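The structure under discussion appears below in the form of C-alpha cells.
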Amino acid sequence: MANGFLLHRVSLLKIVTYFVTSEGEVVNKIEIQQRGKEVM
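Quick look at the structure:
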C-alpha cells in the first residue's frame, strides 16, 4: 500500500474521490454520479 491521502470533490450531482500519493501522483479515481431528483 502506497503512502498518500484521499481527496474528495463534491458537487450537487457527483462525488469524485482521488487517491493521491505522497509524491502528488493521482493513482486512483472513483466517480459516483447521482441520477434523478432524489437528495443524497
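The working numbering puts the first residue of the sequence shown at 80, with every later residue one more than the last. Even glycine gets a Cβ: it sits at the ideal position worked out from N, Cα and C. The structure presented is a predicted model; accordingly, all values stated were derived computationally and were not measured.
8 Å Cβ cutoff met for residue i and residue j
{"i": "K83", "j": "T100", "result": "Residue identity check: residue 83 is Gly in the sequence provided, not Lys. Yes, they are a contact pair."}
Nearest-angstrom Cβ-Cβ length linking residue i and residue j, presumed shorter than 8 Å
{"i": "F98", "j": "V106", "result": "5 Å"}
{"i": "I111", "j": "K93", "result": "7 Å"}
Residues that residue i bridges to, as DSSP identifies them
{"i": "G83", "result": "T100"}
{"i": "V106", "result": "Partner(s): none; V106 has no beta bridge."}
{"i": "Q71", "result": "Residue 71 is absent from the model: the chain starts at 80 and stops at 119."}
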